[in-house]
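Okay, structure first, notes after.
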Amino acid sequence: MSDVTAVFRVQHPDLVLTQTLAHDQTATVEPISEAGTDPHSGKYLYHIHSESFEQFEAGLQNDHTIADYEQVLRTDDEAIYSFEYTNQSQLFSPVISISNGVALEIKNDGAAWIMTVWMPSREQLSRLWEFASENDIEIELQRVNGYASPLETDAGLTTSQREALLLALKAGYFEEPREASLRDVAAELGISQPAAGGLLRRGIKRLILSSLSIDR
1 MSDVTAVFRV
11 QHPDLVLTQT
21 LAHDQTATVE
31 PISEAGTDPH
41 SGKYLYHIHS
51 ESFEQFEAGL
61 QNDHTIADYE
71 QVLRTDDEAI
81 YSFEYTNQSQ
91 LFSPVISISN
101 GVALEIKNDG
111 AAWIMTVWMP
121 SREQLSRLWE
131 FASENDIEIE
141 LQRVNGYASP
151 LETDAGLTTS
161 QREALLLALK
171 AGYFEEPREA
181 SLRDVAAELG
191 ISQPAAGGLL
201 RRGIKRLILS
211 SLSIDR
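Residue numbers for the sequence shown, in UniProt numbering: 1 to 216.
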């Protein structure tokens, strides 16, 4: 059975940051998958756009999915935040990893989340719907494409990008929580962390563009 790339929308009040995003409807949020965070620290970095970070943080203070937060960097209407989750928070990404999939892109759509994932088969993709059903998570499929394995075809990847993605996948960099940090991946590749992060970021972008048949 062929590999697939799927784009779907999920929503549930216990999904991370849902209450904050409902409070600040100007906010757009994306997890930073290339961040060199200690995979065992329990802290997760997000890139945030907001018209009012005061409004955003007011939402955080009353968000039952967030145990602690810190604004790491701020420039005008953009910032990077570090979050710690509570035990009440619901995470969707672990079931993607358990099903041997890879989350290619995650971003919010208001208080919901749009996820682009690669899965080894349609059968394993169906496990995401089973998980959603078992946990009362609203899930809506937006697009699904048959797609040869992103690491078995060049998909426009350079040799260096493909090598970095393969190594990161094998090391557990894409697991939730991470089993390897960006520092670990960079050390294995014998390059700096910024260089390793750049290879992963450009490789993931190329996979997304290729899987969705977008020329850019």
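The C-beta atom is built at its ideal place from N, Cα and C for all residues, glycine as well.
C-alpha distance - A111 paired with T20, whole-angstrom precision: 8 Å
C-beta atoms of N145 and V10 nearer than 8 Å: no
Rounded C-alpha distance that separates A196 from E175: 17 Å
Inter-residue spacing [alpha-carbon to alpha-carbon] between E179 and Y173: 6 Å
Endpoints, the beta strand (DSSP E) within which L73 is located: 66-75
Unbroken beta strand (DSSP E) run spanning L169, endpoints: No beta strand (DSSP E) holds L169; the alpha helix (DSSP H) holding it covers 159-171.
Among V95, K107, V185, nearest to M119 - alpha-carbon criterion: V95
C-beta contact flag for L165 and G203 at 8 Å: yes
Expected contact under 8 Å - CB spacing of Q55 and H23 to nearest Å: 7 Å
For S93, three-class secondary structure by DSSP: helix
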